[in-house]
Ligand SMILES: NC(=O)c1ccc[n+]([C@@H]2O[C@H](COP(=O)([O-])OP(=O)(O)OC[C@H]3O[C@@H](n4cnc5c(N)ncnc54)[C@H](O)[C@@H]3O)[C@@H](O)[C@H]2O)c1
């Protein structure tokens, strides 16, 4: 049974601008993929907005439209791309350097990728230690740089005749920082920008500029960005959706599948050792202990929340959990993630599970960027503001309301996402109770 929808969704008319700080492996694989799909040169595999269906009503009703036919979503043909990077390479050159996609595929999309030139970045060496490039804004205070980014956004929108815009941070992982006094209120944050406070990261300047320009913002990396009171308040004040952080792609994706399964069966875990080798630029940046610490925090946090050792001390209290990442150039973007899991069952008898995921980092991340762009635009047109917890599905460390623990179980996240779509359209939420089939 459907009812009057609780939200009014504006139609997805006109062009959707997609802005990305950081035009490296993930961003270029995403843009190249969208352009390839538009030209019939590939399928958008891994993207829920493009490929998934959604069940409506009872199982006996046989109603399972595509998500894209159920809610009004932006079309790939209506997307226009822009971004910033510290390197001057066009998206085509950056994609060649990233070595994710084959030359034959890049040939198909050479024209649009070559036309995509990065704008000058806001960058600070203190925040990303292992790389440096010439394409940066050098003038003025952090507030001046934020204003320059706002001007970039406005110019991009005007030049491309864009109706709506979404920004997704695809830049390198910045070093680990905790929220400081300057992050607490919008007034202290703006004062900090004017004084170029060292606690304000480049990613926070982009997030601020994005929100000030009326553009929803998502964070694909683990660094502290808009998950601070000042920017949370700004997103609500400006009625803009935000979400983050750290795309859930390889090893953590696996972890959030398996850990809920062990817990569901009340199997204990003594240890979970995760190690990775990767040879892309992301791997090089993560060699720096400060950047690694940002990543380690998001990767480690998932088990604690899923397993709830305080509720199940006999099963999970003494769990040893470690995550390692090693830069290993021969592998490029083709990461290998190993997990050794020591579990125990009936009467405490031990067992082991080994996972060896030979994945492709950016191939897994690209459809996530696409879905986030499309769903953030939907949220904006539906008048949804602040943290979009229903998009937790895509993140290693989902943002939540202060004091609320995040939901990491992938299938709970998926249910939450689909129920949010049903809710938006006034359809019954699916609880899986199902007693009515046996009445
Ligand atoms: N599976 C995945 O690939 C995956 C999963 C989760 C998170 N991430 C995160 O996504 C981000 C992008 O990953 P990638 O593989 O594309 O890395 P990458 O190194 O190929 O690209 C990052 C780009 O950001 C640029 N950059 C750095 N600081 C910048 C700034 N201040 N302004 C503008 N550009 C800046 C760099 O020059 C680089 O070109 C990383 O933070 C990574 O940790 C990736």
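In our numbering, the protein residues as written are 9 to 447. Glycine residues also receive a C-beta, built at the ideal position from the N, C-alpha and C atoms.
CA-CA distance, residue 27 to residue 245, rounds to 22 Å. In its chain, beyond the 5 residues on either side, 33, 34, 37, 108, 341 have a beta carbon closer than 6 Å to the beta carbon of residue 370. With respect to the 8 Å criterion, residue 425 and residue 399 are classified as neighbours on the basis of their beta carbons. In the pairwise beta carbon analysis, the stretch 334-353 is classified as touching the stretch 90-108: at least three pairs are separated by under 8 Å.
Between the alpha carbons of residue 207 and residue 325 lies a gap of roughly 35 Å. Taken in chain order, the unbroken stretches of beta strand (DSSP E) that lie wholly in the stretch 157-190 and span 3 residues or more are 172-177. Counting only residues of its own chain and dropping the five nearest sequence neighbours on each side, residue 13 has a CB closer than 7 Å to the CB of 432, 433, 434.
The beta carbon of residue 309 is closer than 7 Å to those of 405 in its chain, skipping five residues each way along the sequence. Placement of the Cβ of residue 366 at a distance of 7 Å or more from every heavy atom of ligand 1 is found. The residue among 195, 55, 161 with its C-alpha nearest the C-alpha of residue 169 is 161.
Around the C-beta of residue 440, fewer than 16 other C-beta atoms lie within 10 Å, and the residue is accordingly described as exposed.
The continuous alpha helix (DSSP H) containing residue 245 extends over residues 237-245. CA-to-CA, the gap between residue 386 and residue 15 works out to about 11 Å. Cβ-Cβ separation between residue 25 and residue 172: approximately 7 Å, consistent with a contact (criterion under 8 Å). The three-state secondary structure of residue 440, taken from DSSP, is coil. Residue environment for residue 182: buried (at least 16 other C-beta atoms within 10 angstroms of its C-beta). Two segments are said to touch when three or more pairs of C-beta atoms, one from each, lie closer than 8 Å; by this definition the stretch 288-303 does not touch the stretch 357-368. In the three-state reduction of the DSSP assignment, residue 392 falls in the coil class. Pairwise C-beta distances place the stretch 318-332 out of contact with the stretch 59-74, as fewer than three of them are shorter than 8 Å. In the pairwise beta carbon analysis, the stretch 132-145 is classified as not touching the stretch 256-265: fewer than three pairs are separated by under 8 Å. Per DSSP, the continuous alpha helix (DSSP H) segment holding residue 115 begins and ends at 111-116. Take residue 132, set aside five residues on each side of it, and the residues of its chain with a beta-carbon closer than 6 Å to its own are 210, in chain order. With contacts defined as CB atoms closer than 8 Å, residue 113 and residue 49 qualify as a contacting pair.
One Cα belongs to residue 420, the other to residue 261, and the distance between them is close to 13 Å. Check the Cα spacing between residue 228 and each of 320, 102, 47, 250: the tightest is with 250. Residue 271 is classed as buried because its beta carbon has at least 16 other beta carbons within 10 Å across all chains shown. Residues of the same chain with a CB within less than 6 Å of the CB of residue 396, apart from the 5 flanking positions on each side, are 249, 251, 387 in chain order. Residue pairing from DSSP places residue 92 in a beta bridge opposite 29, 127. Residue pairing by DSSP places residue 360 opposite 350 in a beta bridge. For residue 45, the closest alpha carbon among the candidates 373, 85, 358, 80 is that of 85.
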